[in-house]
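K.L.:
Numbering (this note's numbering), first residue to last: 1313 to 1613.
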Amino acid sequence: MKIRDLTYFSKLVSLKNFTAVADYFSVSQPAITMAIKRLENEFDTVLFQRDQSHQSVLLTSSGQQLLKHAHRIIAEAALTNLDMASLKTEQIRFGLPPIIGNYFFPKAASRLVQTNLLNQLLVTEAGSSELLAALESGKLDIALLGSTHSLDSAELSATLLAKHHFKIIVSPQSHLASLKKIAFRDLRNEKFIMQTEDFVHPTAFGALNKISRIDPQIIYKTGDISLLKNMIHENIGIGFLTETAITPQDEIISLDLTDSFQPEFLISLVFRQSKLLSPSKKRLIEQLTQSLNSLSKGESF
């Protein structure tokens, strides 16, 4: 069984037309027909039936079964190619979300310089959701990720390094500025400035909305945390932000939540279980773990 045959098969399921698939891959239509025939011979079955107009093809039950495996096989083959290629270089493809990066990475960088690891990093900066997808697809080797739940699984190795709380942040000019804490349900009439969906915050915010049975208005979304904090400082709206991202220089006020249920912002060091780690990658994991543990304990670097 050839991976290319499965790739043609999967695209035929999507496009439902041999000519369209041939055009997509810039090959002849007989090449597609022969690929499907090889698969049918391999499994001694029929994978497609033509519809009555003969303009399209329909999956048989055997085709439906093969499709369930084909997607996984194609993805695993692509993952294998990426992993094999990464073994040939000392570069470490590293994922770093902006909040965790601003809070932690500058302090960890001194350790990485001393161990000659910093210049090996090929850093991708994005929200944790986007980085997790890149990690799972083999585009990253290691990532620091934020989440509201444990990321450890059969596919991923995730070491929990820190737990932080979410805060309500407001302008010094806000009518809420004199408060120290507040219940989430009391924010039903407030206007929020929120992060985009590739951040962890909307998930935690949605969970609190559901439990509190409120639906506050979101007037603006941004992936730029500095912009978010500046807009809140100008009293355009209030925010929902992990304490990880809040510094004394922000000139904003943070309020504790009094709710019995509160999601936490978890910081984890993550890589795929199937990933063979080179000595330099193992050293990076060791240095990052030590650095963040030291920071969580309030130690200096």
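Built from N, CA and C at the ideal position, the CB exists for glycine as well.
Once the 5 residues before and after I1386 are set aside, which same chain residues still bring their CB inside 8 Å of it?
P.N.:
Same-chain partners within the cutoff: I1315, L1318, T1319 and S1322.
K.L.:
Using the three-state DSSP reduction, which class does H1461 fall into: helix, strand or coil?
P.N.:
In the structure shown, H1461 sits in coil (DSSP, three-state: anything other than H, G, I, E or B).
K.L.:
Should F1552 be labelled buried (16 or more other beta-carbon atoms within 10 Å of its own) or exposed?
P.N.:
Classification for F1552: buried.
K.L.:
Can you give me the start and stop residues for the beta strand (DSSP E) that R1362 sits inside?
P.N.:
Element bounds for R1362: F1360 to R1362.
K.L.:
Report yes if the C-beta distance between S1592 and I1404 is below 9 Å; otherwise report no.
P.N.:
Yes; because the gap between Cβ atoms is below 9 Å, this pair is in contact.
K.L.:
Taking the alpha-carbon of S1469 as reference, which of Q1432, T1460, S1490 and L1447 has the nearest alpha-carbon?
P.N.:
Answer by Cα proximity: L1447.
K.L.:
Could you tell me the distance, in whole angstroms, from the CA atom of D1395 to the CA atom of L1452?
P.N.:
Between D1395 and L1452, the C-alpha separation is close to 10 Å.
K.L.:
In angstroms, rounded to a whole number, what distance separates the CA positions of I1494 and I1480?
P.N.:
Near 8 Å, if we compare the C-alpha coordinates of I1480 and I1494.
K.L.:
Thinking just about the alpha-carbon of each residue, which of S1524, F1511, R1525 and I1454 is nearest to the one in L1540?
P.N.:
Out of S1524, F1511, R1525 and I1454, F1511 has the C-alpha closest to the C-alpha of L1540.
K.L.:
So, for N1605: in the same chain, excluding its five sequence neighbours on each side, which residues have a beta-carbon less than 7 Å away from its beta-carbon?
P.N.:
Closer than 7 Å at the Cβ level, and outside the excluded window around N1605, lie L1473.
K.L.:
Check whether the Cβ atoms of N1428 and S1483 lie closer than 9 Å to each other.
P.N.:
Taking 9 Å as the Cβ cut-off, N1428 and S1483 do not qualify as a contacting pair.
K.L.:
Suppose you measure from the CA of I1534 to the CA of L1463; what does that come to, to the nearest Å?
P.N.:
In the sequence on display, residue 1534 carries Thr and not Ile. So the two alpha carbons sit approximately 25 Å from each other.
K.L.:
What separation, rounded to the nearest whole angstrom, lies between the Cα atoms of A1334 and L1391?
P.N.:
Cα to Cα, A1334 sits roughly 25 Å from L1391.
K.L.:
Skipping 5 residues on each side, what residues in its chain have a beta carbon closer than 7 Å to that of I1597?
P.N.:
Contacts found: I1454 and L1581.
K.L.:
Between the C-alpha atoms of V1369 and K1400, what's the straight-line distance to the nearest angstrom?
P.N.:
Going by the C-alpha atoms only, they are around 43 Å apart.
K.L.:
For T1534, name the three-state secondary structure that DSSP assigns.
P.N.:
Three-state result, T1534: strand.
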